[in-house]
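Report on the structure given below.
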Amino acid sequence: MESVSSQSNIEAWEYNPSDEDQRLPHKYPSNRPVALRHIHELGVLTWKLDVNNWENNSVLNKIKEDRGYNYSEVATVAREVMEDFESKVQDYFQEHMHSQEEIRLILDGAGFWDIRDYDDSWIRFRVERGDLVVLPPGMCHRFTLDVNDYIKALLLYTELPSRTQHERDEDSAARKLYVEKVLNPLAIHNKITAS
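The C-terminal position of the sequence shown is numbered 765 in the working numbering, with every residue numbered one higher than the one before it.
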C-alpha cells in the first residue's frame with residue numbers, strides 16, 4: 571500500500587445510525603473512535619495540505635505527478651450557488667461507488683464521508699479545509715455536508731473529468747478487485763487477531 575502523510579489528522583469513528591440529521595456527527599453517546607491507520611488499511615489515502623496557495627503547493631504538485639492526476643476542477647456545494655441543492659446533497663448521501671479513484675482536496679468548508687468497513691458497517695470521518703482524501707475504486711461510500719451546508723473542493727482526475735457514481739454493484743470489476751485485494755484480507759486478518 572502507498573505511504574500516507576503522517577501529518578494527516580482526520581478523525582474517524584463508528585457511525586451511529588440514529589434518526590438525527592445526516593449533517594450531524596452521528597457519534598455514539600460513548601464515542602467509538604476508529605484509528606486513522608484502519609482508514610488507511612481500507613485503502614483510503616489522506617494528507618493535510620496548506621491550501622492558502624494550493625495552485626503552487628509543491629506537495630500537491632508532487633502527489634498529482636506521482637498519481638497521474640492530469641485534470642482538475644473546483645466545485646462548490648452550497649445553497650447559494652446551486653438551484654437543486656437539496657436534491658444534490660441527498661444524491662451524494664446515497665451509497666455508491668466509482669470505477670476510478672475519488673480525489674478531493676477541501677479548499678474551504680467541511681463535511682463527512684461515510685465508508686464501508688470490511689464487515690459492511692459504516693465508518694464516518696470528517697474532512698475540512700486542507701484535507702486531501704483519495705478513496706479507492708470499488709469502495710462503497712457516501713458524503714454529506716456538515717450543518718454549515720458549504721464545501722469547496724478541488725476535484726482531481728487521471729482522465730477527463732467525470733463524476734459518474736454507480737449503485738453498489740458486487741459484480742463490477744472495480745468492486746471485485748477492491749473486495750479481493752482489500753476487504754477479504756482485512757477481514758481474515760481481523761478474524762485471526764480476534765481469536
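Just so it is clear, CB atoms sit at the ideal spot from N, CA and C, and this is done for glycine as well.
Please read all numbers here as calculations on a predicted model, not as lab measurements.
Would residue i be called buried (16 or more neighbouring beta carbons within 10 Å of its own) or exposed?
i	result
T714	buried
H759	exposed
L594	exposed
D716	buried
D661	exposed
L753	buried
V651	exposed
Y688	buried
Taking the Cβ atom as the reference point for each residue, do residue i and residue j lie within a distance shorter than 8 Å?
i	j	result
K751	V644	no
V704	V614	yes
L747	I673	no
G679	N718	yes
F663	Q592	yes
Leaving out five residues on either side along the sequence, give the residues of the same chain with a beta carbon under 6 Å from the beta carbon of residue i.
i	result
G638	T728
A744	S669, P707 and G708
V647	I721
I609	A582
Does residue i come out as helix, strand or coil in the three-state DSSP assignment?
i	result
T728	coil
A757	helix
R686	strand
E750	helix
H608	helix
F663	coil
E584	strand
S630	For the sequence presented, residue 630 should be read as Leu rather than Ser. Residue state, collapsed to three classes: helix.
R712	strand
P658	According to the sequence displayed, residue 658 carries Lys and not Pro. In the structure shown, K658 sits in a helix (DSSP, three-state: H, G or I).
Going along the chain, which residues of its own chain have a beta-carbon closer than 7 Å to the beta-carbon of residue i, five neighbours each way excluded?
i	result
L619	N627, V629, L630, L675, G700 and L702
V604	A582, W583, E584 and I693
G681	V697, F713, T714, L715, D716 and I721
K597	W583 and N586
Kindly list the residues whose CB is nearer than 8 Å to the CB of residue i, restricted to its own chain and excluding five residues on each side of it in sequence; keep chain order.
i	result
S578	L606, T616, W617, K618 and D701
H736	H666, M667, H668, S669 and S742
Any beta carbon from chain B within less than 8 Å of residue i's own beta carbon?
i	result
N601	The chain inventory of the structure shown lacks chain B, comprising one protein chain alone.
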